[in-house]
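Below: the structure, in structure tokens.
Number of protein chains: 2
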Amino acid sequence: MQDVFSKLGPLIIASRLKRMSDYIMRAGAEFYHSNGIEFEPKWFPLYYLLSQEKELGIMEIAQKLNISHPAVIQLAKELEKKGWIISTKSKEDARKRLLKLSKKGLNLLPQLQLIWDDIREVNRQVVDAQATNILTALEEMETFFDSKSYTERMKLFQESKKK
Amino acid sequence: MQDVFSKLGPLIIASRLKRMSDYIMRAGAEFYHSNGIEFEPKWFPLYYLLSQEKELGIMEIAQKLNISHPAVIQLAKELEKKGWIISTKSKEDARKRLLKLSKKGLNLLPQLQLIWDDIREVNRQVVDAQATNILTALEEMETFFDSKSYTERMKLFQESKKK
DNA sequence: ATCAGTTACGTAATTAATTACGCAAATATA
DNA sequence: TATATTTGCGTAATTAATTACGTAACTGAT
């Protein structure tokens, strides 16, 4: 989006965030593949989470990753197919299915960590090159909306106009 | 995403950007509807573009909005169904189909502009509250990757490590 | 004027994620 | 203890966007 939208400024924050995210995700996928690893960026949050926490139920994961539980199920299916995670029925709660990394999944970890280090490093270069830090800006926004949601702020603003 | 990911910092820039974008988009949709307007945030770029430029072909739009041309066709279908845009065959180039706002679409404009003003205003409040401006940060990133793509930077970094 | 290559568009298939719905197990309540 | 409510999960349908592919119209080089 160029010229036509430039004056819109704050109106299209969301679109611009999405565009930048898509761009990086796409480049990330390319990067894994060019390093000969069949790993998709979309798997990262689930895989990484499981590498940190022994075993988790579907809903716990959904909450931690802030995605819907069917999304977790879908991602889990893909990673199970790859043989990188396994699932077991919980003994304490028969409703629960617990996910964890398999041996094969754990074996992959060191290799992935090398890639992640590179990604982290290049991302850091990006951030370091900035006069205005995107991570700080994001963090500020997150805190801002945590304290009062976007929708609430909208309502308040409209009410304040009526007076 | 909380604690587990916090230390990842730059590694998950993309996910965080996406999450924030999704959040705002969703709130935006809610806002249109609570104001009694059947308008979706995803229509904004196309609708707004057509409100600024008389008539455009599918591909021109796709390029300007930075989305695929089937996406434009899809959005156009929806807006045509709403009766807000119409399409005509180009006389200069028989391959081209030109899109523009219909009378009904133009009539809607003032109403939408009021909403957009509110959105702009609340977004401005968000940005003003920031010590670190997200728009500036985004702009810097865009310029950064324009000058050299993410993928290129990855390659260069890996080569520099080999030495 | 012809033919190769490019451009504009449309359709189909695929991908990634969501919402809606239903069932079974656990928990709370009367 | 029976029953109502909540929770965890799975499936199906839907949404939004992409890639892949095909066709027709235009353009450029000979």
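Going down the list, the protein sequences come from chains A and B.
Heads up, the first sequence stops at 163 in this note's numbering, and the numbers go up one at a time, no gaps.
Heads up, the second sequence stops at 326 in this note's numbering, and the numbers go up one at a time, no gaps.
All residues carry an ideal CB built from backbone N, CA and C; glycine is no exception.
Note that this is a predicted model, so its numbers are computed, not measured.
Exercise for the section: Report the rounded CA-to-CA distance for N107(A) versus E302(B), giving the unit in angstroms. Expected result: Working through the first sequence from its first residue, we reach residue 107(A) at position 107. Working through the second sequence from its first residue, we reach residue 302(B) at position 139. In a straight line, the C-alpha of N107(A) is about 40 Å away from that of E302(B).
| If the cut is a Cβ gap below 7 Å, which residues of chain A does A300(B) touch? | For the purposes of this step, residue 300(B) is identified with residue 137 of the second sequence, where counting begins at 1. Neighbours of A300(B) on chain A, chain order: Q130, T132, N133, I134 and A137.
Check your understanding: Can you name, in chain order, every residue of its own chain whose Cβ lies under 6 Å from the Cβ of T88(A), other than the five neighbours on each side?
Key -> Position 88 of the first sequence, counted from the first residue, corresponds to residue 88(A). Only residues of its own chain outside the window of five on either side were considered, and among them L98 have a CB closer than 6 Å to the CB of T88(A), listed in chain order.
Subject >> Option nearest A192(B) by Cα separation, candidates A234(B), E203(B) and E315(B) >> reply: On the second sequence, position 29 is the one that residue 192(B) refers to. Minimum Cα distance to A192(B) is reached at E203(B).
Self-check item: Residue range of the unbroken beta strand (DSSP E) whose run includes I221(B)
Solution: As a first step, residue 221(B) is located in the second sequence; it is residue number 58 there, counting from the start. DSSP places I221(B) in no beta strand (DSSP E) but in the uninterrupted alpha helix (DSSP H) bounded by I221 to L228.
**Whole-angstrom distance between Y210(B) and E243(B), CA atom to CA atom** = Position 80 of the second sequence, counted from the start, is the residue given in the question as residue 243(B). Position 47 of the second sequence, counted from the start, is the residue given in the question as residue 210(B). Per the coordinates, the alpha-carbon of E243(B) lies some 11 Å from the alpha-carbon of Y210(B).
- Query: Where does S265(B) fall in DSSP's three states?
  - Reply: Position 102 of the second sequence, counting from 1, holds the residue named residue 265(B). Here S265(B) sits in coil by DSSP.
Closer than 7 Å by beta-carbon distance: list the chain A residues that pair up with V289(B), in chain order. Stepping through the second sequence from its first residue, residue 289(B) is reached at position 126. For V289(B), the chain A residues whose C-beta falls within less than 7 Å of its own C-beta are M141 and F144, listed in chain order.
Could you work out which residues of chain B lie near A76(A), taking near to mean beta carbons separated by less than 9 Å? Stepping through the first sequence from its first residue, residue 76(A) is reached at position 76. In chain order: nothing, as chain B lies at least about 17 Å away.
Can you give the beta carbon distance from K289(B) to M59(A), rounded, assuming they're within the 8 Å contact cut?
Position 126 of the second sequence, counted from the start, is the residue given in the question as residue 289(B). Position 59 of the first sequence, counted from the start, is the residue given in the question as residue 59(A). The sequence shown places Val at residue 289(B), not Lys. For a cut-off of 8 Å, the C-beta gap from V289(B) to M59(A) is around 31 Å, too long to register as a contact.
task: Would you kindly check if the distance between the Cβ of G57(A) and the Cβ of K82(A) is under 9 Å?
output: In the first sequence, the residue the question calls residue 82(A) occupies position 82. In the first sequence, the residue the question calls residue 57(A) occupies position 57. Their beta carbons are not under 9 Å apart, which means K82(A) does not touch G57(A) by this criterion.
Note to self: List, in chain order, every chain B residue whose beta-carbon is nearer than 8 Å to that of A29(A).
What the structure shows: Within the first sequence, numbered from 1, the residue matching residue 29(A) stands at position 29. The premise fails here: A29(A) is roughly 10 Å from chain B at the closest Cβ pair, so nothing lies under 8 Å.
Taking C-beta to C-beta, are Y186(B) and F145(A) nearer than 9 Å?
Within the second sequence, numbered from 1, the residue matching residue 186(B) stands at position 23. Within the first sequence, numbered from 1, the residue matching residue 145(A) stands at position 145. Yes, these two residues count as a Cβ contact at 9 Å.
**Asked** Going by alpha carbons, who is nearest to P45(A) out of Q63(A), T132(A) and K103(A)?
**Response** On the first sequence, position 45 is the one that residue 45(A) refers to. Considering only alpha carbons, the answer is Q63(A).
- [ ] Mind checking who K245(B) pairs with in its DSSP beta bridge?
- [x] Within the second sequence, the letter at position 82 stands for residue 245(B). Per DSSP, none; premise fails for K245(B).
- [ ] Give, in chain order, every residue of the region 255-267 of chain B whose Cβ lies closer than 7 Å to some Cβ of chain A.
- [x] The region 255-267 of chain B vs chain A, Cβ under 7 Å: nothing.
Next item on the list: Pull up the distance between the alpha-carbon of L275(B) and that of L213(B), whole angstroms please.
Entry: Along the second sequence, one-based indexing puts residue 275(B) at 112. Along the second sequence, one-based indexing puts residue 213(B) at 50. Going by the C-alpha atoms only, they are around 14 Å apart.
Starting from I37(A), find everything on chain B with Cβ-Cβ shorter than 7 Å and list it in chain order.
Position 37 of the first sequence, counted from the first residue, corresponds to residue 37(A). Counting only Cβ-Cβ distances below 7 Å, I37(A) has no contacts in chain B at all, with the closest Cβ about 13 Å away.
- Message: I need the straight-line Cα distance from E152(A) to A257(B), nearest angstrom please.
- Response: The count along the first sequence starts at 1 and reaches residue 152(A) at position 152. The count along the second sequence starts at 1 and reaches residue 257(B) at position 94. Rounded to the nearest whole angstrom, the C-alpha separation of E152(A) and A257(B) is 50 Å.
Worksheet item: Is I119(A) closer than 9 Å to M317(B) when the C-beta atoms are compared?
Response: Within the second sequence, the letter at position 154 stands for residue 317(B). Within the first sequence, the letter at position 119 stands for residue 119(A). Against a cut-off of 9 Å, the Cβ pair of I119(A) and M317(B) comes out as a contact.
Check: Using a C-beta to C-beta distance shorter than 7 Å, which residues of chain B count as neighbours of K18(A)?
Finding: Walking along the first sequence from the start, residue 18(A) turns up at place 18. Simply K181 and S184.
query = From R179(B) to K148(A), what distance separates their C-alpha atoms?
reply = The residue you call residue 179(B) lines up with position 16 of the second sequence. The residue you call residue 148(A) lines up with position 148 of the first sequence. C-alpha separation (whole angstroms): 19 Å.
Legend entry - Beta-bridge partners of S250(B), as assigned by DSSP: Counted from its first residue, the second sequence places residue 250(B) at position 87. When beta bridges are read from the DSSP output, S250(B) appears opposite L262(B).
- Message: Taking the straight line between their C-alpha atoms, what separation do you get for V122(A) and D128(A)?
- Response: Your numbering for residue 122(A) matches position 122 in the first sequence. Your numbering for residue 128(A) matches position 128 in the first sequence. When rounded, the separation of the alpha-carbon atoms in V122(A) and D128(A) is 10 Å.
On the DSSP letters alone, give me the boundaries of the alpha helix (DSSP H) that I175(B) sits inside.
For the purposes of this step, residue 175(B) is taken as residue 12 along the second sequence, with counting starting at 1. Per DSSP, I175(B) belongs to no alpha helix (DSSP H) and is neither H nor E.
Own chain, CB closer than 6 Å to K259(B), minus 5 neighbours either side, in chain order
In the second sequence, counting from the first residue as 1, residue 259(B) sits at position 96. Shown here for K259(B): same chain residues with a beta carbon closer than 6 Å to its own, the five before and five after excluded, namely G220 and S253 in chain order.
- For K324(B), the first and last residue of its enclosing alpha helix (DSSP H): Numbered from its first residue, the second sequence carries residue 324(B) at position 161. Taken as a continuous stretch (DSSP letters only), the alpha helix (DSSP H) holding K324(B) covers Y313 to K325.
Determine, for M1(A), whether the minimum Cβ-Cβ distance to residues of chain B falls below 9 Å. One-based indexing of the first sequence puts residue 1(A) at position 1. With a pLDDT of 45 at M1(A), under the threshold of 50, the predicted position of this residue should be treated as unreliable, though the coordinate-derived value follows. M1(A) counts as touching chain B.
Quick one: Cα of I42(A) to Cα of T299(B), how far? On the first sequence, position 42 is the one that residue 42(A) refers to. On the second sequence, position 136 is the one that residue 299(B) refers to. In the sequence on display, residue 42(A) carries Lys and not Ile. Roughly 27 Å between the two C-alpha positions.
**Report entry** Beta-carbon proximity check, I278(B) vs L264(B), cutoff 9 Å
**Finding:** Within the second sequence, numbered from 1, the residue matching residue 278(B) stands at position 115. Within the second sequence, numbered from 1, the residue matching residue 264(B) stands at position 101. In this structure, L264(B) does not lie closer than 9 Å to I278(B) by Cβ.
Please report the distance separating the alpha-carbon of Y150(A) from that of F157(A). In the first sequence, counting from the first residue as 1, residue 150(A) sits at position 150. In the first sequence, counting from the first residue as 1, residue 157(A) sits at position 157. In a straight line, the C-alpha of Y150(A) is about 11 Å away from that of F157(A).
Residues of the region 209-236 of chain B with a CB closer than 8 Å to any CB of chain A: list them in chain order, please. If the cut-off is 8 Å between Cβ atoms, the region 209-236 of chain B has Y211, L212, Q215, E216, K227, L228 and N229 near chain A.
- Item | Pairwise C-alpha distance: Q215(B) and N35(A) | Along the first sequence, one-based indexing puts residue 35(A) at 35. Along the second sequence, one-based indexing puts residue 215(B) at 52. The alpha-carbon atoms of N35(A) and Q215(B) are separated by roughly 44 Å.
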